[in-house]
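Asks: For what it's worth, the numbering used here labels the leading residue of the sequence shown as 1, then goes sequentially. Using N, Cα and C, we set each Cβ at its ideal position, and we do this for glycine too. Mind having a look at this structure? Questions to follow.
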Amino acid sequence: MTVLFLDSVHPLVAETLTAKGYTCIEAWTWSAEEIKSRLPEADVLVLRSRYRMDADFLSGAEQLKWIARSGVGMENIDEAYCQSKGIRAFNAAGGNADAVGEHVIGMLLALFNKLASGNDEVRAGIWRREAHRGLELGHRTIGIIGFGHTGQSLAKKLSGFGTRVLAYDKYAPVNMEGVQSASLNQIQHVCDVLSFHVPLNDETRHYLNEAFIQDMEHPFYLVNAARGSVASTEAIVKGLETKKILGACLDVLEEEDASLSLKGMDGPAFQKLITHKNVLLSPHVAGWTVESHVRLAEVLLERILELDV
């Protein structure tokens, strides 16, 4: 079978598939037109986020069997179209869950203990101890919205802090020792911290909006390490301005484009967001570690080789 790699992934994937008799073609430097010209010969596509896999892009993929995404989201794949054409689309779910869980905790610890400003001030010769008095995770109640691989990973890692953890998932039961299954209303009523771990789709786009923030019982800290458009930047800014949001840890931003690059930096909401000192930002790297790079490849290979029976 012929595999077209539309994005670079860990070389373990191509090496293993080649050893098993697959023909692997590196196409991540090709234009969309070049890729489309070779689609008729492809049996498998391996990709991340560079192109959207829809009817227009895949129209010439006459013998395509599988689309394998090295990541956890499926928003750049038209799953309904693929299903109509008999194309199996899947991702590497769970491959970067530990990375995301650790990153979220790292961001919360940095925000709560004002590490960014403390570092900057000490380097500038400023020594202010009281201004950098921190908060402890163990004295907070954290609500996890979406309890798949990454939500579960975060919950496990929080257990050592003594944090009270509530979790809500609309589509799957919450069943983990030390985690309280909760309704969305319960989470909005009691939580000090909200962490989103849901996929991006029509139902979750702007999940966090002004109405959601207003429904929170008391001021809270926000974490988004899912997809940027799960949370409205404008709503976040308004929440910060009204002090309903006490601080935010954002690894992802609504201003990202389909390829997960930041393109909307000139927007008024983003420009307001970056003026807030109680906002910690990272460039969509929560799941982007040395170890997760390998693990995503391993999970993807497992899925491909399971199908190739």
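Between residue 7 and the rest of its own chain, which residues show a CB-CB distance below 6 Å, the 5 nearest in sequence each way excluded?
Replies: Excluding residues within five positions, the ones whose Cβ falls inside 6 Å are 28, 47, 48 and 50.
Asks: Using a Cβ-Cβ cut-off of 6 Å (strictly less than) and excluding sequence neighbours within five positions of residue 196, which residues of its own chain qualify?
Replies: 145, 224, 226 and 230.
Asks: Between residue 235 and the rest of its own chain, which residues show a CB-CB distance below 7 Å, the 5 nearest in sequence each way excluded?
Replies: Answer for residue 235: 208, 209, 210 and 213, listed in chain order.
Asks: Taking the straight line between their C-alpha atoms, what separation do you get for residue 294 and residue 84?
Replies: Their Cα atoms are separated by approximately 32 Å.
Asks: Unbroken beta strand (DSSP E) runs of length 3 or more, entirely within the stretch 122-206: which are they?
Replies: Runs of the beta strand (DSSP E) inside the stretch 122-206: 141-145, 164-168, 179-181 and 193-196.
Asks: Helix, strand or coil for residue 88 per DSSP?
Replies: Strand, per DSSP.
Asks: Which term fits residue 123, buried or exposed, when burial requires 16 or more other beta carbons within 10 angstroms of its beta carbon?
Replies: Per the 10 Å Cβ criterion, exposed.
Asks: Does the stretch 181-199 come close enough to the stretch 160-169 to have 3 or more Cβ pairs within less than 8 Å?
Replies: Touching, yes.
Asks: Tell me which residue opens and which closes the alpha helix (DSSP H) that residue 48 is part of.
Replies: Neither: residue 48 is in no alpha helix (DSSP H) and is coded neither H nor E.
Asks: Around the C-beta of residue 274, are 16 or more other C-beta atoms found within 10 angstroms, so that it is buried, or is it exposed?
Replies: Classification for residue 274: exposed.
Asks: Using only CA atoms, which one of 242, 75 and 62 lies nearest to residue 204?
Replies: Residue 75 is the option with its Cα nearest to residue 204.
Asks: Do the stretch 124-141 and the stretch 300-309 touch if we need at least three Cβ pairs shorter than 8 Å?
Replies: No, the stretch 124-141 does not touch the stretch 300-309.
Asks: Are residue 287 and residue 253 closer than 9 Å when you measure CB to CB?
Replies: No, the pair does not count as a contact, with Cβ atoms beyond the cut-off.
Asks: Can you tell me which of the three DSSP states residue 211 falls into?
Replies: Looking at residue 211 - three-state DSSP - the assignment turns out to be helix.
Asks: Would residue 261 pass as an interface residue toward chain C - the criterion being a Cβ-Cβ separation below 9 Å?
Replies: Among the protein chains of the structure shown there is no chain C, as only one such chain exists.
Asks: Tell me which residues share the same chain as residue 60 and place their Cβ nearer than 7 Å to its Cβ, disregarding the 5 neighbours each side in the sequence.
Replies: Counting only Cβ-Cβ distances below 7 Å, and skipping sequence neighbours, we find 36, 39 and 40.
Asks: Tell me the residue span of the beta strand (DSSP E) that contains residue 245.
Replies: Its beta strand (DSSP E) spans residues 245-250.
Asks: Just to confirm my understanding: we take residue 303, look at its own chain, exclude 5 residues before and 5 after, and list those with CB closer than 6 Å. What are they?
Replies: Here the set comprises 90.
Asks: So what does DSSP say about residue 68, is it helix, strand or coil?
Replies: DSSP places residue 68 in strand when its eight states are reduced to three.
Asks: Express the C-alpha separation of residue 14 and residue 296 in angstroms, rounding to a whole number.
Replies: Roughly 13 Å separates the two Cα atoms.
Asks: Three-state secondary structure (DSSP) at residue 231?
Replies: Strand.
Asks: Within 10 angstroms of the Cβ of residue 138, are there 16 or more other Cβ atoms? Answer buried if so, exposed if not.
Replies: Classification of residue 138: exposed, given that the 10 Å Cβ count is below 16.
Asks: Under three-state DSSP, which class holds residue 25?
Replies: Residue 25 falls in the strand class under three-state DSSP.
Asks: Taking the alpha-carbon of residue 266 as reference, which of 161, 233, 259 and 245 has the nearest alpha-carbon?
Replies: For the residues 161, 233, 259 and 245, the minimum Cα distance to residue 266 belongs to 233.
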